[in-house]
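Visitor:
4 protein chains.
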Amino acid sequence: MAIRLFITGGTFDKTYDEITGRLVFQDTHVQEMLQLGRCRLDVSVRTLMMVDSLEMTDADRHLVLENCRSAAEERIVVTHGTDTMTDTARVLGEARLAKAIVLTGAMVPYAFGSSDGLFNLGSALSFVQALPHGVYVAMNGRCFPWDDVTKNRQLGVFETKK
Amino acid sequence: MAIRLFITGGTFDKTYDEITGRLVFQDTHVQEMLQLGRCRLDVSVRTLMMVDSLEMTDADRHLVLENCRSAAEERIVVTHGTDTMTDTARVLGEARLAKAIVLTGAMVPYAFGSSDGLFNLGSALSFVQALPHGVYVAMNGRCFPWDDVTKNRQLGVFETKK
Amino acid sequence: MAIRLFITGGTFDKTYDEITGRLVFQDTHVQEMLQLGRCRLDVSVRTLMMVDSLEMTDADRHLVLENCRSAAEERIVVTHGTDTMTDTARVLGEARLAKAIVLTGAMVPYAFGSSDGLFNLGSALSFVQALPHGVYVAMNGRCFPWDDVTKNRQLGVFETKK
Amino acid sequence: MAIRLFITGGTFDKTYDEITGRLVFQDTHVQEMLQLGRCRLDVSVRTLMMVDSLEMTDADRHLVLENCRSAAEERIVVTHGTDTMTDTARVLGEARLAKAIVLTGAMVPYAFGSSDGLFNLGSALSFVQALPHGVYVAMNGRCFPWDDVTKNRQLGVFETKK
Numbered sequence: 348m349a350i351r352l353f354i355t356g357g358t359f360d361k362t363y364d365e366i367t368g369r370l371v372f373q374d375t376h377v378q379e380m381l382q383l384g385r386c387r388l389d390v391s392v393r394t395l396m397m398v399d400s401l402e403m404t405d406a407d408r409h410l411v412l413e414n415c416r417s418a419a420e421e422r423i424v425v426t427h428g429t430d431t432m433t434d435t436a437r438v439l440g441e442a443r444l445a446k447a448i449v450l451t452g453a454m455v456p457y458a459f460g461s462s463d464g465l466f467n468l469g470s471a472l473s474f475v476q477a478l479p480h481g482v483y484v485a486m487n488g489r490c491f492p493w494d495d496v497t498k499n500r501q502l503g504v505f506e507t508k509k
Numbered sequence: 348m349a350i351r352l353f354i355t356g357g358t359f360d361k362t363y364d365e366i367t368g369r370l371v372f373q374d375t376h377v378q379e380m381l382q383l384g385r386c387r388l389d390v391s392v393r394t395l396m397m398v399d400s401l402e403m404t405d406a407d408r409h410l411v412l413e414n415c416r417s418a419a420e421e422r423i424v425v426t427h428g429t430d431t432m433t434d435t436a437r438v439l440g441e442a443r444l445a446k447a448i449v450l451t452g453a454m455v456p457y458a459f460g461s462s463d464g465l466f467n468l469g470s471a472l473s474f475v476q477a478l479p480h481g482v483y484v485a486m487n488g489r490c491f492p493w494d495d496v497t498k499n500r501q502l503g504v505f506e507t508k509k
Numbered sequence: 348m349a350i351r352l353f354i355t356g357g358t359f360d361k362t363y364d365e366i367t368g369r370l371v372f373q374d375t376h377v378q379e380m381l382q383l384g385r386c387r388l389d390v391s392v393r394t395l396m397m398v399d400s401l402e403m404t405d406a407d408r409h410l411v412l413e414n415c416r417s418a419a420e421e422r423i424v425v426t427h428g429t430d431t432m433t434d435t436a437r438v439l440g441e442a443r444l445a446k447a448i449v450l451t452g453a454m455v456p457y458a459f460g461s462s463d464g465l466f467n468l469g470s471a472l473s474f475v476q477a478l479p480h481g482v483y484v485a486m487n488g489r490c491f492p493w494d495d496v497t498k499n500r501q502l503g504v505f506e507t508k509k
Numbered sequence: 348m349a350i351r352l353f354i355t356g357g358t359f360d361k362t363y364d365e366i367t368g369r370l371v372f373q374d375t376h377v378q379e380m381l382q383l384g385r386c387r388l389d390v391s392v393r394t395l396m397m398v399d400s401l402e403m404t405d406a407d408r409h410l411v412l413e414n415c416r417s418a419a420e421e422r423i424v425v426t427h428g429t430d431t432m433t434d435t436a437r438v439l440g441e442a443r444l445a446k447a448i449v450l451t452g453a454m455v456p457y458a459f460g461s462s463d464g465l466f467n468l469g470s471a472l473s474f475v476q477a478l479p480h481g482v483y484v485a486m487n488g489r490c491f492p493w494d495d496v497t498k499n500r501q502l503g504v505f506e507t508k509k
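So the sequences go chain by chain: A, B, C and D. First residue of the first sequence? That's 348 in the numbering used here, and the numbers climb one at a time after it. First residue of the second sequence? That's 348 in the numbering used here, and the numbers climb one at a time after it. First residue of the third sequence? That's 348 in the numbering used here, and the numbers climb one at a time after it. First residue of the fourth sequence? That's 348 in the numbering used here, and the numbers climb one at a time after it.
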């Protein structure tokens, strides 16, 4: 089953720059993570952008949408910063493509020992294979439909709307 | 959605004993892994045994089966050594319980930096939520039905039967 | 041989705050690092402050000096941010205490997988046992006297003055 | 200051073979560890053998001795399994070479998250620069002369003889 994986950046892929002491983007860690997971899926990875999701513009979100629309694959995972992940999910969800699209990310950069990234990547790649067409957010081991999910910023977790 | 997680040991949970220089079982790492994954699922963990799957007996497999049968939860993940994971999957599969059961494990102990364990746990917990009743093996990012899966021992990967 | 270990913060001890997405100070990682190193030295750890060394004031440096002066131990390690480590070394060096004092730190936070912190801590604790009285900077596997060391900010390494 | 680093194997360099499920030797991790430590010393690494120190023969120990003797460098670190590290230290010590030689190793393989290897390597490389000619064992943050050190097998630590 062919899967497309689009990279947009986010905490997931932040790296510590030891010269400046800042968290920055260099290359994505996703290929390394797929290797670590001994992943044998037919996954095609493409980096669309490398941005903090707080800085993602409407134009950026439409670029993600257009790439999802034109992808040959019916099953798509999008890595994304957690702060505006639900906004991008909404843009993708309202387009009602005949595809299964799962957004995921991480609360802690993969390069940190304590990251949830590898768990989340395994989760997103699994949900995208098993779920019907639709747009979802996979975080905290759970999977939310795009129109019933919000990030609780106090707790740093995703949950359904009240 | 309530999920039951049964621990049976396997490479997943092996630890290095620095006094003897051997790989041994102590406590399971699963709780620590769920925390790392910021997992917010309703998961009840129970350790059934802590064995190398090459030493798992028929009695052990039936203990796993009876625990799956009597569990209140309809969705069950079983951590298991990879060498005989498909044998236990067969015992569970032939019982045709009205439950979704996913077996997973790791090629490298979780305590090693290079382990696939966290990826696989995220994967198994996701498949078990999304798939219909049945018994499955989740490894290498893929999910196999119990009656069409084999471990390729030369490559160290799971695949469908020829 | 009794050793005093003073903590002042620096990159060494920075942690990723998953709620704010920033690098912050919480507790020091030094006790965990000593355990990891199976360290059996008689080390007394005391946290003097938890600051980025770019924000360290003259008053802070004199607090470090007074603690070195009044410590019962003759051998002292100070963990410190790398940006102004040589400034604090100068304050300590000019006081000409009859003690061996070694400053060390890290280019990458210990909590990151790619940190040099554990290597540097092993190095500093060893130099402080073996060297005569004086004030030193231990970084990059090397040990520099306080009056002949500078941080090369382009390369992110310590070296002797030209 | 030129340093020679001889590799002999030991727990330090053991790796998990995911096909056989055993701990084995492949390449040494020392170059990777020196990079992680941002080590800027002039270190020449040479692998003499890759063995479990329980299987090291008298011939092996004399090979280590002859390499120490003929090395151009006056300062030498030897990585070694902990079980017979003190035996090799004795062979080197009795030869009374006009060199500083420090043996070190690890209680847990470097490839495990919980390894003391990086701490010990930082420690050994520091002691070898600072100590006078002689043969030493650097473990647990301490440095022992070759004729007053023993491994306490119950506790898994090195200590002086009673």
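Where is the CB? At the ideal position from N, CA and C, for every residue including glycine.
1) Taking C-alpha atoms, which residue in A:Thr362, A:Gly481, A:Thr451 and A:Asp407 lies nearest to glycine 368 (chain C)?
2) Count the C-beta pairs between the segment 381-394 of chain B and the segment 482-499 of chain A that are closer than 8 Å, then say yes if the count reaches three, no if not.
3) Have a look at glutamate 421 (chain D) and alanine 445 (chain C) and give me their C-alpha separation to the nearest angstrom.
4) Report the three-state DSSP secondary structure of methionine 454 (chain B) (helix, strand or coil).
5) Reducing DSSP to helix, strand and coil, say where aspartate 405 (chain C) ends up.
6) Which residues of chain A have a Cβ atom closer than 7 Å to the Cβ of methionine 403 (chain B), listed in chain order?
7) Give the secondary structure of valine 504 (chain D) by DSSP, where H, G and I count as helix, E and B as strand, and everything else as coil.
8) Is cysteine 415 (chain D) helix, strand or coil by DSSP?
9) Mind the definition here: the segment 430-449 of chain C touches the segment 370-384 of chain C only if three or more C-beta pairs lie below 8 Å; say whether that holds.
10) Give me the residue from B:Val475, B:Phe505 and B:Val411 with the minimum Cα distance to valine 438 (chain B).
11) Using the beta-carbon of each residue, which ones in chain A are nearer than 7 Å to methionine 454 (chain C)?
12) Taking 6 Å as the limit between beta carbons, can you name the residues of its chain near arginine 351 (chain B), skipping five residues before and five after?
13) In whole angstroms, what separates the C-alpha of valine 496 (chain B) from that of valine 496 (chain D)?
14) Who are the neighbours of asparagine 499 (chain C) on chain D, taking C-beta pairs under 8 Å?
15) Just the C-alpha distance for isoleucine 366 (chain C) and aspartate 430 (chain A), rounded to the nearest angstrom, thanks.
16) If I'm right that glycine 428 (chain C) touches glycine 356 (chain C) with Cβ under 8 Å, what's the distance once you round it to whole angstroms?
17) Check distances from the C-beta atoms of the segment 455-489 of chain A to those of chain C and list, in chain order, the residues that come in under 7 Å.
18) Work out the CA separation of phenylalanine 466 (chain C) and threonine 358 (chain B) for me, nearest whole Å.
19) By DSSP, does arginine 393 (chain A) sit in helix, in strand, or in coil?
20) Where does the unbroken beta strand (DSSP E) through aspartate 430 (chain B) begin, and where does it stop?
21) Could you spell out the range, first to last residue, of the beta strand (DSSP E) harbouring methionine 486 (chain D)?
22) Figure out for me which residue from C:Leu370, C:Ala349 and C:Arg500 has the closest Cα to the Cα of proline 456 (chain C).
23) Using DSSP with H/G/I as helix, E/B as strand and the rest coil, what is leucine 388 (chain B)?
24) Any beta carbon from chain C within less than 8 Å of glycine 356 (chain A)'s own beta carbon?
25) Would glycine 469 (chain A) and glycine 440 (chain B) be called neighbours here (beta carbons separated by less than 8 Å)?
26) Which partner residues does glycine 356 (chain C) have in the DSSP bridge list?
27) Do you know whose CA, among C:Leu502, C:Val484 and C:Asn414, lies nearest aspartate 434 (chain C)'s CA?
28) Using 8 Å as the limit for Cβ to Cβ distance, is leucine 370 (chain A) near chain C?
29) Suppose you measure from the CA of serine 592 (chain C) to the CA of phenylalanine 353 (chain B); what does that come to, to the nearest Å?
30) Taking only beta-carbon positions, decide if arginine 393 (chain C) is within less than 8 Å of chain D.
31) With a threshold of 16 other CB atoms inside 10 Å of the CB of threonine 426 (chain B), please say whether the residue is buried or exposed.
32) Let me see if you follow: with CB-CB separation under 8 Å, is leucine 383 (chain C) close to chain D or not?
33) Does arginine 387 (chain A) come within less than 8 Å of chain B when only Cβ atoms are used?
34) With a 10 Å radius around its C-beta and 16 neighbouring C-beta atoms as the bar for buried, classify alanine 349 (chain D) as buried or exposed.
35) Just the C-alpha distance for valine 482 (chain A) and alanine 442 (chain A), rounded to the nearest angstrom, thanks.
36) Starting from valine 504 (chain A), find everything on chain B with Cβ-Cβ shorter than 7 Å and list it in chain order.
Guide: Taking the definition as stated:
1) Counting from 1 along the third sequence, the entry for residue 368 (chain C) is found at position 21. Selected option, being the one with the closest Cα: A:Thr362.
2) Contact annotation: the segment 381-394 of chain B touches the segment 482-499 of chain A, with at least three C-beta pairs closer than 8 Å.
3) Counting from one through the fourth sequence, the residue named residue 421 (chain D) turns up at place 74. Counting from one through the third sequence, the residue named residue 445 (chain C) turns up at place 98. The alpha-carbon of glutamate 421 (chain D) is positioned some 30 Å away from that of alanine 445 (chain C).
4) Position 107 of the second sequence, counting from 1, holds the residue named residue 454 (chain B). Coil.
5) The residue labelled residue 405 (chain C) in the question sits at position 58 within the third sequence. Helix.
6) For the purposes of this step, residue 403 (chain B) is taken as the residue at position 56 of the second sequence. Within chain A, no residue has its CB atom less than 7 Å from the CB of methionine 403 (chain B), the nearest being about 22 Å off.
7) As a working mapping, residue 504 (chain D) is identified with position 157 in the fourth sequence. Correct three-state label for valine 504 (chain D): strand.
8) On the fourth sequence, residue 415 (chain D) is found 68 positions in, with the first residue counted as 1. Assignment of cysteine 415 (chain D) by DSSP, reduced to helix, strand and coil, places it in the helix class.
9) As far as the Cβ criterion goes, the segment 430-449 of chain C does not touch the segment 370-384 of chain C, which means the pair count is below three.
10) Here residue 438 (chain B) refers to the residue found at position 91 of the second sequence. Looking at B:Val475, B:Phe505 and B:Val411, the one whose alpha-carbon comes closest to that of valine 438 (chain B) is B:Val411.
11) Mapped onto the third sequence, residue 454 (chain C) falls at position 107. Those are Glu365, listed as they occur along chain A.
12) Sequence index remark: in the second sequence, residue 351 (chain B) carries index 4 (1-based). Same-chain partners within the cutoff: Ser391, Ala418, Glu420 and Ile423.
13) Here residue 496 (chain B) corresponds to residue number 149 of the second sequence, with the count starting at 1. Here residue 496 (chain D) corresponds to residue number 149 of the fourth sequence, with the count starting at 1. Each residue's alpha carbon lies about 54 Å from the other.
14) Reading the third sequence from its first residue, position 152 is the one you call residue 499 (chain C). Chain-order list of chain D residues neighbouring asparagine 499 (chain C): empty, with the shortest C-beta distance near 10 Å, by a criterion of under 8 Å.
15) Residue mapping note: residue 366 (chain C) aligns to position 19 of the third sequence, counting from 1. Residue mapping note: residue 430 (chain A) aligns to position 83 of the first sequence, counting from 1. Approximately 10 Å between the Cα atoms of the pair.
16) In the third sequence, the residue the question calls residue 428 (chain C) occupies position 81. In the third sequence, the residue the question calls residue 356 (chain C) occupies position 9. Contact holds; Cβ gap of about 6 Å.
17) Within the segment 455-489 of chain A, Val455, Pro456, Ala458, Phe459, Gly460 and Ser461 place their CB atoms closer than 7 Å to a CB of chain C, listed in sequence order.
18) One-based indexing of the second sequence puts residue 358 (chain B) at position 11. One-based indexing of the third sequence puts residue 466 (chain C) at position 119. Rounded to the nearest angstrom, the two C-alpha atoms are 29 Å apart.
19) As a first step, residue 393 (chain A) is located in the first sequence; it is residue number 46 there, counting from the start. Strand, per DSSP.
20) In the second sequence, counting from the first residue as 1, residue 430 (chain B) sits at position 83. Segment: none, aspartate 430 (chain B) is in no beta strand (DSSP E) and carries neither H nor E.
21) The count along the fourth sequence starts at 1 and reaches residue 486 (chain D) at position 139. Start and end: 481-486.
22) Numbered from 1 along the third sequence, position 109 holds the residue referred to as residue 456 (chain C). The shortest Cα separation from proline 456 (chain C) among C:Leu370, C:Ala349 and C:Arg500 belongs to C:Leu370.
23) Indexing the second sequence from 1 puts residue 388 (chain B) at position 41. Coil, per DSSP.
24) Locating residue 356 (chain A) in the first sequence gives position 9, counting from the first residue. Not one chain C Cβ lies under 8 Å of glycine 356 (chain A).
25) Position 122 of the first sequence, counting from 1, holds the residue named residue 469 (chain A). Position 93 of the second sequence, counting from 1, holds the residue named residue 440 (chain B). The criterion of a C-beta distance shorter than 8 Å is not satisfied by glycine 469 (chain A) and glycine 440 (chain B).
26) Along the third sequence, one-based indexing puts residue 356 (chain C) at 9. Per DSSP, C:Val398.
27) Locating residue 434 (chain C) in the third sequence gives position 87, where the first residue counts as 1. The shortest C-alpha separation from aspartate 434 (chain C) is found at C:Val484.
28) Counted from its first residue, the first sequence places residue 370 (chain A) at position 23. Interface annotation, leucine 370 (chain A): in contact with chain C, CB-CB separation under 8 Å.
29) Here chain C covers residues 348 to 509 and nothing more, so residue 592 (chain C) does not appear.
30) Counting from one through the third sequence, the residue named residue 393 (chain C) turns up at place 46. Not closer than 8 Å to any Cβ of chain D, the Cβ of arginine 393 (chain C) fails to qualify, so no.
31) For this step, residue 426 (chain B) is matched to residue 79 along the second sequence. When all chains shown are included, threonine 426 (chain B) counts as buried.
32) On the third sequence, residue 383 (chain C) is found 36 positions in, with the first residue counted as 1. Contact with chain D is found for leucine 383 (chain C), since one of that chain's Cβ atoms lies less than 8 Å from the residue's Cβ.
33) On the first sequence, position 40 is the one that residue 387 (chain A) refers to. Yes, its Cβ sits closer than 8 Å to a Cβ of chain B.
34) Residue numbering aside, residue 349 (chain D) sits at position 2 when the fourth sequence is read from its first letter. Exposed, because fewer than 16 other Cβ atoms sit within 10 Å of the Cβ of alanine 349 (chain D).
35) Your numbering for residue 482 (chain A) matches position 135 in the first sequence. Your numbering for residue 442 (chain A) matches position 95 in the first sequence. If you take the alpha carbons of valine 482 (chain A) and alanine 442 (chain A), they lie about 10 Å apart.
36) For this step, residue 504 (chain A) is matched to residue 157 along the first sequence. For a Cβ distance threshold of 7 Å, residue set Arg385 and Arg387 of chain B lies close to valine 504 (chain A), ordered along the chain.
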